[in-house]
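Number of protein chains: 2
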Amino acid sequence: MRVLNVAAAQMGPIQKAESREEVVERMLAMMREARAQGADLIVYPELTLTTFFPRYYTTDKAEIEQWFERDMPNEPTRPLFDLARDARMAMSFGYAELTPEGRRFNTSILTDKTGAIVGKYRKVHLPGHSDYDTERSHQHLEKYYFEPGDLGFPVWRTLGGILGMCICNDRRWPETYRMMGLQGVEMILLGYNTPSVNAQKNAEGPSKRIFHSNLVVQAGAYQNSTWVVSVAKAGVEDGHPLIGGTVIVNPDGEIVAATEGEGDEMVVHACDLDDTAFGKKTIFDFARHRRIEHYGLITSQTGVVLPP
Amino acid sequence: MRVLNVAAAQMGPIQKAESREEVVERMLAMMREARAQGADLIVYPELTLTTFFPRYYTTDKAEIEQWFERDMPNEPTRPLFDLARDARMAMSFGYAELTPEGRRFNTSILTDKTGAIVGKYRKVHLPGHSDYDTERSHQHLEKYYFEPGDLGFPVWRTLGGILGMCICNDRRWPETYRMMGLQGVEMILLGYNTPSVNAQKNAEGPSKRIFHSNLVVQAGAYQNSTWVVSVAKAGVEDGHPLIGGTVIVNPDGEIVAATEGEGDEMVVHACDLDDTAFGKKTIFDFARHRRIEHYGLITSQTGVVLPP
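If you read the protein sequences in the order shown, they are chains L and P. At position 109 of the first sequence (counting the first as 1) the number is 109 in the numbering used here, and the numbers step up by one without a gap. At position 163 of the second sequence (counting the first as 1) the number is 1163 in the numbering used here, and the numbers step up by one without a gap.
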């Protein structure tokens, strides 16, 4: 048994006007609750520190950069690292990263139980569009605000296991899980901000959106025999609704814990990393069963090429 | 609208003693029913013509080869091709293929509405094991009876769309769907024989097995915005139970038709191939969103390589 007691810390909405300090206060409250429940690890969602700003279009550099963190930890987030270290709790959260070179990424970090950052991931699969789109009911300008992650899909030996991260739209792409699965991942941490309505098909509402979210996460977990901790930022941000649907999924693809609402809400589950072993050595023993000689297009071809 | 009226023709059990002729009679009965319902295409399962013989171990060449077809069509299966042509119905079914060179494959074919074979697929992902295994509650000797398919994952322009095939265990591997997705597939036909109990974990019974089957098929459909027709051979073959769970899944990953039992049972659904367009041009527009520079391990590495 290698049990990790994991707290999936769903965040309710963060309004545009809310400060980092206000958000961190809410995060600290959840961390204290996680500590009371004996959590080894707390997982917050994508872009935890701010509203989901890619819904807003601006060309003003200062306005853009207000959403980004130049350092991590920094002044507003320091209390998180301090409390995590005191509580001997690892943590993961997402934020908008501005590098010293002026590059912008949608990033998450993972700390160990001393509060040291042991892993950084930059979102590879940016959804949405790079220019203002007059056809949409709301904007999704991730390709405008961020460049695609440049770190690939690393995994880290920490907390007695092998952990990886991905962010939001990454979860819809089986390549994401497989890249980590090929490195023996045992738990994937992921956060998301997912609008409750498809901006290009308004008939697609929250129940369909949560169905899709669960479907891809459960399949990714099963097909790579790994735990997945999938955490929402949820609720209505300045009139823009986001789905909840935070889940912890076991290596059999089953949901073992789920939130019920769209506010700050935590679910905790004792995840045995040894539960990943059976699938990895039987039906998903990659070494015996994968046939890479037939997978060529997956890495040689980005888009669709229709048959003659 | 490009509507294909598809009949998913689940087959009940086929006992070891049943002849090809008896099986073909059952298939013909379902084809007549499909014709009465106006089907454009009828899809039968993997190894439709025989019992699921990889559960039996023998070294006797004649005993092995009795399960295999040297030609297709051949004498026993000719009536299927004749009726399909008369009914102006395309069809797909699986069988054990013995090539003139003595090679053995787990194969399926697809005909057009004239009864001409337009596509052949040979199963790439063979599950199970290649030697008799004393640890298992039942054998699963596909790696003994067959070699892995050598045709890759082709798709075919037929029936007004782009169709592909895969077989049974292929459905658990996201690479299967993605290879076809990268060629613009609009409908994937797949048949399976899946034991109701995991031979290496007897606590894993039929409800879990059907859950896994649906999970991977629904995810594969959604992630590539394609229809999937997933057809079981079901029921108890000489004391060995197989799951049912035949489904037709739409490009949104939703089950739109499903069988209820474990016998010969058909479900028919009008599948509009144009329903695949929305997903392919938005969230799963591969050309805009895939990042092949970060997928290298998927084709360069077969098995798991653990981090240092």
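Here a beta-carbon is modelled for each residue, glycine too, at the ideal position from N, C-alpha and C.
Under a criterion of Cβ atoms nearer than 8 Å, the residues of chain P adjacent to L:A287 are, in order, T1302, G1303, V1304. Residue range 1104 to 1111 is occupied by the beta strand (DSSP E) that includes P:S1108. The C-beta separation of P:V1124 from P:G1164 comes to about 12 Å, leaving the pair out of contact by the 8 Å criterion. Between the beta-carbon of P:L1151 and that of P:A1096 there is about 16 Å, and that puts the pair past the 8 Å contact cut.
Residue environment: L:S300 is assigned as exposed (fewer than 16 neighbouring CB atoms within 10 Å of its CB, all protein chains considered).
Using a Cβ-Cβ distance cut-off of 8 Å, the region 110 to 119 of chain L and the region 155 to 164 of chain L are in contact, since at least three pairs of beta carbons, one from each stretch, lie closer than that value. Beta-bridge partners of L:Q10 (DSSP): L:E265. Here the alpha carbons of L:F284 and L:C271 stand approximately 20 Å from one another.
For the region 1171 to 1189 of chain P, the set of residues with a beta-carbon nearer than 7 Å to any beta-carbon of chain L comprises R1172, P1174, E1175, R1178, M1179, L1182, Q1183, G1184, in chain order. In the DSSP assignment, L:H125 falls outside any alpha helix (DSSP H) and carries neither an H nor an E.
Take L:V256, set aside five residues on each side of it, and the residues of its chain with a beta-carbon closer than 6 Å to its own are I248, N250, H269, in chain order. Rounded to the nearest whole angstrom, the CA to CA distance from P:R1178 to P:P1195 is 26 Å. When L:N198, L:T99, L:K280 are compared, the shortest CA-CA separation from L:E135 is found for L:N198. By the Cβ-count criterion, L:L306 is exposed, with fewer than 16 other Cβ atoms from all chains shown falling within 10 Å of its own Cβ. Rounded to whole angstroms, the separation of the alpha carbons of L:N224 and L:L4 is 19 Å. L:A232 has a beta carbon lying at 9 Å or more from every beta carbon in chain P.
Taking 9 Å as the CB threshold, P:T1114 stays off the interface with chain L. At least one CB of chain P lies nearer than 9 Å to the CB of L:K208. DSSP, reduced to helix, strand and coil, places L:L151 outside both helices and strands of the structure shown, so it counts as coil.
Nearest CB-CB separation between L:G296 and chain P: below the 9 Å threshold.
Think of a sphere of 7 Å around the beta carbon of L:T299: the chain P residues whose beta carbon falls inside it are I1292, Y1295, G1296, I1298, T1299, in chain order. Taken atom to atom, the span from the alpha-carbon of P:A1039 to that of P:W1173 is near 29 Å. Interface annotation for the region 1195 to 1229 of chain P against chain L: Q1200, K1201, H1212, L1215, V1216, Q1218, A1219, Y1222, Q1223, criterion Cβ-Cβ distance under 7 Å.
Any Cβ of chain P closer than 9 Å to the Cβ of L:V124 would place that residue at the interface, and such an atom is present. About 4 Å separates the CB atoms of L:G244 and L:E262; that is less than 8 Å, so the two are in contact. Against chain L, the CB of P:K1120 has no partner CB under 9 Å away; the residue lies outside that interface. The CB of L:P127 comes closer than 9 Å to the CB of I1283, H1289 in chain P, given here in chain order. Contact check between the region 63 to 78 of chain L and the region 96 to 106 of chain L: three or more CB pairs, one atom from each, fall below 8 Å, which counts as touching.
Secondary structure note for L:A277: its alpha helix (DSSP H) is the uninterrupted segment 277 to 281. Secondary structure of P:A1062 (DSSP, three-state): helix.
Rounded to whole angstroms, P:R1035 and P:D1086 show a C-alpha spacing of 10 Å. Judged by DSSP in its simplified three-state form, P:M1179 adopts helix. What L:P148 touches in chain P, judged by beta-carbon distance under 7 Å, is R1291, going in chain order. Assignment of beta-bridge partners to L:T158 by DSSP yields L:G161. Counting the other CB atoms within 10 Å of its CB gives P:H1138 a total below 16, which places it among the exposed residues. With contacts defined by Cβ atoms closer than 9 Å, P:V1304 and L:G181 form a contacting pair.
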